[in-house]
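Numbering (the UniProt record's numbering), first residue to last: 1 to 634.
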């Protein structure tokens, strides 16, 4: 072979060999990337599924804890609590007599030792259509194991056991009061002198309840109740003692002290088992046993399966699932097409599963593309760069929403924490001149308030999402409250370099039904938003206006900042959304303040909106309904 041919062969080999090696390397890298993305996708689905399952467990556990705290007496129609006696009334209607305050619960009931079904909806069984419906449900064959839990004949050596008679005493007090109003002197005397014992509760395990039943119930009844005890033991098997939930300590629950001018009778301690979920055919029940003097009554709440499986689960998925990993709720028997399926809840909702759809498949590549890559190194490199960029972009999109909340909050926490630590260390080491101490103390107080406000906003949004925050609405003068809040914020406004806030309030009181703490959060967040984004227009100041339009009070917070583009005026109230402007890129904020404003406004039956201010700037409005005028006596 001539030298020229050898050089051509060497050059061809030198070009072909690296090209083939690079093509093979790209192919292998593509296969590895596909496997990696598939594995990453699977890991994300598993994490998303566990997060949703944990949210379901926590939601059901929160419901269990709340129902656990209800006293025994609430399951009767009427009862006599000390706080009602203090008002001069003989009896009080049970708080369970109306519609349940949680849509997941459809009805309450009590099973007495004599087999009678009692509800808070009527004085006696069969006393109302609603009571009849509940009694019919509890009397069905599916509820036989639950009915077997009650035990004893309702009598103790010294009289009736309280679990069988306490609710009847409350009803009797109501009848005496009604008869007294019709002129019955004997009933009036009984109504004045009757005193119900004030009971305390003693938490006991389900093992203790089973032992009590073994002493009072015949063997056949014990056998019927056996599956219920077994199911409950399985629920609590993961807890420290295997029977009682970890948030319950055994012992006596203290009673609120009664007023000294109200005669009270010292009552006995009733044994309360912890609430436990139980499936009875198609029904789901949250139930417990309360016992005293050898008799035990079953108290429970029937859950609304339609609400649980529909609106509640749908809302829970919407709150906790990321857009890239949002599942559907499917029957457990129809999950063959799911990329990942996990049961929603093993005990309460065993027939449902979270079904996560498969993601888009990774590029499979083609033989034509691979042969084309061999034609030139440039094409291979370009294709590899494109594939890597595409993979990186996809990974960023998958993780962006997952980390948005953590990133925003941690960024906001860093500045006040850094200031607090630096100032504290300087004060500790004596590096601050005496004349500078007021400035340092002022900085510490300011950053503490800023940190506290951030944490309060985060907690408030979480509480509203979980339904754990209930607004305490009561009539009050909104104008006076706004004036007090603005006065409290004066120092904060001046510190930011703004002149005092201009107030335009009506001379007459503006009465609305509101939660004072929520109103303060609304106005403080609106002022903070204006202070941040109107920093370039400090001299123009801020203006707070309160008007009355029709049947609404309209609160307006106005600034002379850059304003809000029309396309973003509704989205600014979304969580974590911030207007994309270069001038605001370094403005601190988490995107939670205005979201909290809208949620609190809607909690009052109102609304929050954003508008352009005449002459430039932004105007954020909050509308709250006026309180109805008191009825005039006739």
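Just so you know, even glycine gets a beta-carbon here, dropped at the ideal spot from N, CA and C.
- Message: Using the three-state DSSP reduction, which class does residue 131 fall into: helix, strand or coil?
- Response: Position 131 of the chain shown holds residue 131. Reduced to three states, the DSSP call for residue 131 is helix.
- Task: Could you tell me how far apart the beta carbons of residue 332 and residue 353 are, in whole angstroms, since I believe they sit closer than 8 Å?
- Result: Mapped onto the chain shown, residue 332 falls at position 332. Mapped onto the chain shown, residue 353 falls at position 353. The pair is a contact, with the Cβ atoms about 5 Å apart (cut-off 8 Å).
- Task: Report the residue ranges of all alpha helix (DSSP H) runs contained in full by the region 27-105; include only those spanning at least 4 residues, in chain order.
- Result: 82-85
- Item | Whether residue 285 touches residue 303 by CB criterion (8 Å) | The sequence position of residue 285 within the chain shown is 285, counting from 1. The sequence position of residue 303 within the chain shown is 303, counting from 1. Yes, Cβ-Cβ distance for residue 285 and residue 303 is below 8 Å.
- Message: Using a Cβ-Cβ cutoff of less than 8 Å, which residues in the same chain neighbour residue 100 once the five nearest sequence positions on both sides are dropped?
- Response: Taking the chain shown and counting its residues from 1, the one referred to as residue 100 is at position 100. Here the set comprises 106, 107, 108 and 301.
- In this structure, does DSSP put residue 494 in helix, strand or coil? Locating residue 494 in the chain shown gives position 494, where the first residue counts as 1. Looking at residue 494 - three-state DSSP - the assignment turns out to be helix.
- Close beta carbons around residue 542, own chain, < 8 Å, minus the five adjacent residues each side: As a position in the chain shown, residue 542 is number 542, starting the count at 1. These residues qualify, in order along the chain: 493, 498, 501, 502, 527, 530, 531, 534, 557, 558 and 559.
- Message: My output table needs one value for residue 607: the three-state DSSP class, helix, strand or coil.
- Response: For this step, residue 607 is matched to residue 607 along the chain shown. The answer is strand: DSSP assigns residue 607 an E or B state.
- Query: With burial defined as no fewer than 16 other Cβ atoms inside 10 Å of the residue's Cβ, what is the status of residue 157: buried or exposed?
  - Reply: The residue given as residue 157 occupies position 157 in the chain shown. With a pLDDT of only 43 at residue 157, under 50, the local geometry of the prediction cannot be trusted, and the value read off the model is given with reservation. Flag for residue 157 reads exposed.
- beta strand (DSSP E) segments (min. 3 residues) lying fully within the region 516-586: 543-549 and 552-558
- Proximal residues to residue 126 (C-beta, below 6 Å), its chain only, five neighbours per side dropped: By 1-based counting over the chain shown, the position of residue 126 is 126. Around residue 126: 132.
- Going by alpha carbons, who is nearest to residue 76 out of 64, 171, 69 and 62? As a position in the chain shown, residue 76 is number 76, starting the count at 1. The option with the nearest alpha carbon to residue 76 is 171.
- Query: What residue ranges within the region 260-318 form continuous beta strand (DSSP E) runs of no fewer than 3 residues, ordered along the chain?
  - Reply: 265-272, 276-280, 283-292 and 295-303
- Using three-state DSSP, classify residue 175 as helix, strand or coil. Here the question's residue 175 lines up with position 175 in the chain shown. Three-state DSSP puts residue 175 in a helix.
- Task: Determine the DSSP secondary structure at residue 514, reduced to helix, strand or coil.
- Result: In the chain shown, the residue the question calls residue 514 occupies position 514. Looking at residue 514 - three-state DSSP - the assignment turns out to be strand.
- Message: Considering only the alpha carbon of each residue, which of 119, 478, 223 and 343 lies closest to residue 51?
- Response: Here the question's residue 51 lines up with position 51 in the chain shown. Measuring from the Cα of residue 51, the nearest candidate turns out to be 343.
- Run of the beta strand (DSSP E) containing residue 235, from where it starts to where it stops: Numbered from its first residue, the chain shown carries residue 235 at position 235. Where residue 235 is concerned, there is no enclosing beta strand (DSSP E), although the alpha helix (DSSP H) it sits in stretches over 219-235.
- Item | DSSP state of residue 344 mapped onto helix, strand, coil | Here residue 344 is taken as the residue at index 344 of the chain shown, counted from 1. Of the three classes helix, strand and coil, the one that applies to residue 344 here is strand, per DSSP.
- Task: From the DSSP output, in three-state form, read off residue 124 for me.
- Result: In the chain shown, residue 124 corresponds to position 124, counting from 1. Three-state DSSP puts residue 124 in coil, outside helix and strand.
- How long is the line joining the alpha carbons of residue 615 and residue 540, rounded to whole angstroms? Position 615 of the chain shown holds residue 615. Position 540 of the chain shown holds residue 540. Residue 615 and residue 540: Cα-Cα distance of roughly 12 Å.
- Query: Using 8 Å as the threshold, is the region 318-333 in touch with the region 37-52, meaning 3 or more CB pairs across them?
  - Reply: yes
- Item | Exposure label - residue 474; buried when at least 16 CB within 10 Å | Here residue 474 corresponds to residue number 474 of the chain shown, with the count starting at 1. Residue 474 comes out exposed.
- Item | With 16 other Cβ atoms within 10 Å as the buried cut-off, status of residue 436 | For the purposes of this step, residue 436 is identified with residue 436 of the chain shown, where counting begins at 1. Classification for residue 436: exposed.
- Tell me whether residue 602 is buried or exposed, calling it buried when 16 or more other Cβ atoms sit within 10 Å of its Cβ. Numbered from 1 along the chain shown, position 602 holds the residue referred to as residue 602. Burial call: exposed.
- Item | Rounded separation between residue 92 and residue 299 - CA only | Counting from one through the chain shown, the residue named residue 92 turns up at place 92. Counting from one through the chain shown, the residue named residue 299 turns up at place 299. Their backbone Cα atoms lie some 20 Å apart in a straight line.
- Message: Under DSSP, the beta strand (DSSP E) around residue 621 begins and ends at which residues?
- Response: Translated into the one-based positions of the chain shown, residue 621 becomes position 621. Run containing residue 621: 618-625, per the beta strand (DSSP E) assignment.
- Message: For residue 510, which residues in the same chain have their Cβ closer than 7 Å to its Cβ, ignoring the five residues on either side in sequence?
- Response: On the chain shown, residue 510 is found 510 positions in, with the first residue counted as 1. These residues qualify, in order along the chain: 477, 478, 479, 546, 548 and 553.
- Item | Start-to-end residues for the alpha helix (DSSP H) that takes in residue 145 | In the chain shown, the residue the question calls residue 145 occupies position 145. Start and end: 144-147.
- CB contact flag (residue 203, residue 272, <8 Å): Numbered from its first residue, the chain shown carries residue 203 at position 203. Numbered from its first residue, the chain shown carries residue 272 at position 272. Result yes, Cβ atoms of residue 203 and residue 272 sit closer than 8 Å.
- Query: Is residue 625 closer than 8 Å to residue 605 when the C-beta atoms are compared?
  - Reply: The sequence position of residue 605 within the chain shown is 605, counting from 1. The sequence position of residue 625 within the chain shown is 625, counting from 1. For residue 605 and residue 625, yes; Cβs fall inside 8 Å.
- Among 569, 225 and 515, nearest to residue 151 - alpha-carbon criterion: Here the question's residue 151 lines up with position 151 in the chain shown. Of the candidates 569, 225 and 515, the one whose C-alpha sits nearest the C-alpha of residue 151 is 225.
- Query: Is the Cβ-Cβ distance between residue 599 and residue 623 less than 8 Å?
  - Reply: Counting from one through the chain shown, the residue named residue 599 turns up at place 599. Counting from one through the chain shown, the residue named residue 623 turns up at place 623. Cβ distance not < 8 Å, so residue 599 and residue 623 don't count as in contact.
- Task: From the DSSP output, in three-state form, read off residue 18 for me.
- Result: Position 18 of the chain shown, counting from 1, holds the residue named residue 18. Residue 18: helix per DSSP, three-state reduction.
- Message: In the DSSP assignment, the beta strand (DSSP E) including residue 352 goes from what residue to what residue?
- Response: Within the chain shown, residue 352 is the residue found at index 352, counting from 1. Per DSSP, residue 352 belongs to the beta strand (DSSP E) from 349-356.
- Which two residues bound the contiguous alpha helix (DSSP H) that contains residue 480? Taking the chain shown and counting its residues from 1, one reaches residue 480 at position 480. Unbroken alpha helix (DSSP H) run through residue 480: 478-488.
- Message: With distance defined between alpha-carbon atoms, name the residue in 281, 280 and 291 nearest to residue 638.
- Response: Look at the range of the chain in this structure, 1 to 634, and you will see that residue 638 is not part of it.
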